[in-house]
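For reference, the structure is listed below as structure tokens.
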Amino acid sequence: MKTGMSTSAQTDIKNLSKEQLGAWLEENGIKSYRAGQIFKWVFSHQIDQFSSMTDLGQELREKLAAHFIISRLQTERIETSIDGSQKYLFRLADGNHVETVLIPEKNHLTLCISSQVGCAMGCRFCLTARDGFVRDLTSGEIVSQVRDIKKNIGSQPLSNIVMMGMGEPLANYSNVVQAIRILTDRDFGLEFSTRKVTLSTAGLVPELLQLGKDISVNLAVSLNATDDATRSRLMPINNKYPLKNLLEACIKYPLAPRKRITFEYILLREINDSTEDALRLTKLLRPIKAKVNLIPFNEHPGSMFQRPDEKSILKFQDILVQHHYTAMVRNSKGQDISAACGQLRATHEITRN
Ligand code: SAH
């Protein structure tokens with residue numbers, strides 16, 4: 003169980019917020035503004051040793067090195083798909099693994115990151131759910147996925163982050179929020195625009211409402227069904243937070259100008275792909291500034307669901323488009339490298355709107 007466990011008892015400095023590091027500095031008789039300077043080294047310059055932080059005094063560098071480490075995720079494997087997406091398998095200090103996928107889009111790269119090892123949501127169609135929940139990622143581990151890959155890809159334009167990898171981000175609320183704050187910090191951090199970071203949730207209503215109050219981030223909601231009976235069957239979380247509650251929370255979610263909530267909708271043959279479903283979906287989303295991503299089910303061994311045929315997919319999309327929704331079909335990317343549970347895919351817009 004202890005295999006690969008870090009022997010160091012020191013804290014990874016990436017697990018601290020700017021405020022926490024500032025407070026630690028103050029306690030040690032150092033001005034708190036140095037926190038920004040230190041984080042700039044850690045995140046912008048991706049430096050791994052305090053000794054390389056040349057604009058800090060020798061004494062401070064030694065003090066930092068005595069209390070903190072700057073960890074790096076161990077890259078166990080990188081698999082490249084024929085479509086260009088790359089799956090990184092990272093090994094964490096305790097021997098657990100997470101996956102992060104780099105997806106090439108037309109003019110930039112998108113990174114799909116994980117928020118937990120495993121997942122407790124138990125969605126019936128999802129491969130991650132099968133192995134259950136192991137643990138939350140720390141904010142340092144979440145941010146490290148971005149930091150370490152950025153270092154690897156050099157000057158390639160990585161501009162978008164999607165929290166659609168393993169885990170339910172809102173079930174790991176404080177670490178995820180702290181990680182997003184670091185990713186989007188304009189002073190020292192990785193400097194992602196809040197308009198380019200998207201959090202995808204199965205629909206944890208209280209946390210969703212809180213998120214809107216705490217930070218600015220794009221929201222994607224995995225809807226996947228248009229009635230409570232079907233949704234509860236597919237996603238047990240719906241028993242706790244049924245459609246009505248979830249959609250009311252979405253209405254309240256504060257959106258940035260010209261932004262919409264993305265509703266993800268897995269298309270499962272003869273489960274949720276009928277004309278009636280499409281029409282019900284247009285009604286459900288009417289009060290919300292919404293767009294829809296249709297995700298034909300990514301089949302995996304042993305799964306009890308099937309992907310609808312192309313004609314049904316296009317018909318479903320057509321109904322949404324006729325009702326003036328932007329509806330894209332997102333085809334799974336990286337299938338040849340089993341880029342996980344179909345979560346890891348790039349936008350593939352099929353015409354219109
Ligand atoms: N827990 C979060 C983020 C991880 S799942 C959430 O539920 O949104 C990310 C997306 O992948 C979700 O929209 C989910 O519905 C979808 N997904 C999971 N398994 C899939 C599969 N086998 N085929 C297609 N999409 C899948």
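Per the numbering used here, residue 3 is the first one in the sequence shown, and the count goes up by one each step.
Quick reminder that beta carbons are idealized off the backbone N, C-alpha and C, glycines included.
Rounded straight-line distance, which links the Cα of residue j to that of residue i
i: Lys16; j: Ser34; result: 16 Å
i: Thr203; j: Gly169; result: 9 Å
i: Ser195; j: Asn162; result: 8 Å
i: Gln48; j: Thr13; result: 17 Å
i: Ile40; j: Leu286; result: 48 Å
i: Lys65; j: Lys42; result: 18 Å
i: Ser73; j: Asp50; result: 7 Å
i: Pro106; j: Ser46; result: 22 Å
i: Thr284; j: Gly24; result: 49 Å
i: Asp57; j: Glu193; result: 21 Å
i: Asp96; j: Val119; result: 11 Å
i: Leu296; j: Leu27; result: 48 Å
i: Thr82; j: Gln158; result: 16 Å
i: His69; j: Ala222; result: 38 Å
i: Phe318; j: Lys153; result: 41 Å
Any non-hydrogen atom of the ligand SAH within 7 Å of residue i CB
i: Asn162; result: no
i: Cys252; result: no
i: Cys206; result: In the sequence as presented, Cys is not what sits at residue 206; that position holds Leu. No, Cβ of Leu206 sits at least 7 Å from all heavy atoms of the ligand SAH.
i: Ser224; result: yes
i: Met123; result: yes
i: Ile315; result: no
i: Phe299; result: yes
i: Gly169; result: yes
i: Thr203; result: yes
i: Phe127; result: yes
i: Ile105; result: no
i: Met330; result: no
i: Glu312; result: no
i: Met55; result: no
Residues near residue i in its chain [Cβ-Cβ closer than 8 Å; skip 5 each side]
i: Val178; result: Ser117, Ser141, Ile144, Met165, Pro171, Leu172 and Leu201
i: Asp229; result: Leu245 and Arg282
i: Thr349; result: Caution applies to Thr349, whose pLDDT of 33 falls short of 50 and renders its modelled position unreliable; the value that the coordinates give is listed next. These residues qualify, in order along the chain: Glu107, Asn295, Met330 and Arg332.
The alpha helix (DSSP H) enclosing residue i, as first and last residue numbers
i: Thr232; result: Asp230 to Leu236
i: Glu21; result: Lys20 to Glu29
i: Gln39; result: Arg36 to Phe41
i: Ala251; result: Leu245 to Lys254
i: Lys242; result: Ile239 to Lys242
N- and C-terminal bounds of the beta strand (DSSP E) containing residue i
i: Ile72; result: Premise fails: Ile72 is in no beta strand (DSSP E) and is neither H nor E.
i: Pro106; result: His99 to Pro106
i: Phe265; result: Ile263 to Leu269
i: Ala292; result: Ala292 to Pro298
i: Asp138; result: Phe135 to Asp138
i: Asn220; result: Asn220 to Ser224
i: Leu286; result: From DSSP, Leu286 is part of no beta strand (DSSP E) but of the alpha helix (DSSP H) over Thr277 to Leu286.
i: Cys114; result: Leu111 to Cys114
Neighbourhood of residue i by C-beta, 6 Å cutoff - its chain only, sequence neighbours within 5 removed
i: Pro298; result: Leu269, Arg309 and Ile315
i: Arg93; result: Gln76, Glu78 and His99
i: Arg137; result: Val119
i: Phe52; result: Arg63, Leu66 and Ala67
Chain-order list of residues whose beta-carbon lies under 7 Å from that of residue i (same chain, five-residue window excluded)
i: Gln22; result: none
Cβ-heavy atom distance, residue i to the ligand FAD, below 7 Å
i: Glu266; result: By its list of ligands, the structure shown excludes the ligand FAD, since it contains just the ligand SAH.
Would you mind listing the alpha helix (DSSP H) stretches within the region 45-95 that are 4+ residues and don't spill past its ends, in chain order? 60-69
inquiry  = If we require 3 or more residues per run, which beta strand (DSSP E) segments fall completely within the region 314-338?
reply    = 329-331
Contained beta strand (DSSP E) runs [length at least 3] in the region 133-217, N- to C-terminal order: 135-138, 160-165 and 199-203
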